[in-house]
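Visitor: Sharing a structure with you now.
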């Protein structure tokens with residue numbers, strides 16, 4: 277019974293944790309300067325798309 281409850285709770289919280297992880301990742305990219313983004317092959321316009329791609333791979 278506790279396993280079922282824990283599974284249900286995780287499923288209920290998943291959208292919030294996904295949203296929060298995406299928000300934190302975007303904030304990390306925003307803190308980087310242009311040179312740092314370039315070092316990892318991104319520019320500012322690509323940061324959100326990179327986060328979205330990363331999040332999609334995790335699912």
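Residue numbers (my numbering): 277 to 335. We put the beta carbon where it would ideally sit given N, CA and C, even for glycine. For clarity, every value in this text was computed on a predicted model and none was experimentally measured.
So what does DSSP say about residue 330, is it helix, strand or coil?
Guide: Residue numbering aside, residue 330 sits at position 54 when the chain shown is read from its first letter. Reduced to three states, the DSSP call for residue 330 is helix.
Visitor: Would the beta-carbon of residue 326 fall within 7 Å of that of residue 318?
Guide: Along the chain shown, one-based indexing puts residue 326 at 50. Along the chain shown, one-based indexing puts residue 318 at 42. Contact flag set, yes.
Visitor: Suppose you measure from the CA of residue 288 to the CA of residue 301; what does that come to, to the nearest Å?
Guide: Position 12 of the chain shown, counting from 1, holds the residue named residue 288. Position 25 of the chain shown, counting from 1, holds the residue named residue 301. When rounded, the distance between both Cα atoms is 22 Å.
Visitor: Taking only three categories from DSSP, how would you classify residue 309?
Guide: Your numbering for residue 309 matches position 33 in the chain shown. In this structure, residue 309 counts as coil in the three-state DSSP scheme.
Visitor: Keeping to the same chain, check which residues put their C-beta closer than 6 Å to that of residue 305; ignore five residues upstream and five downstream.
Guide: As a first step, residue 305 must be located in the chain shown, where it is residue number 29. Counting only Cβ-Cβ distances below 6 Å, and skipping sequence neighbours, we find 323.
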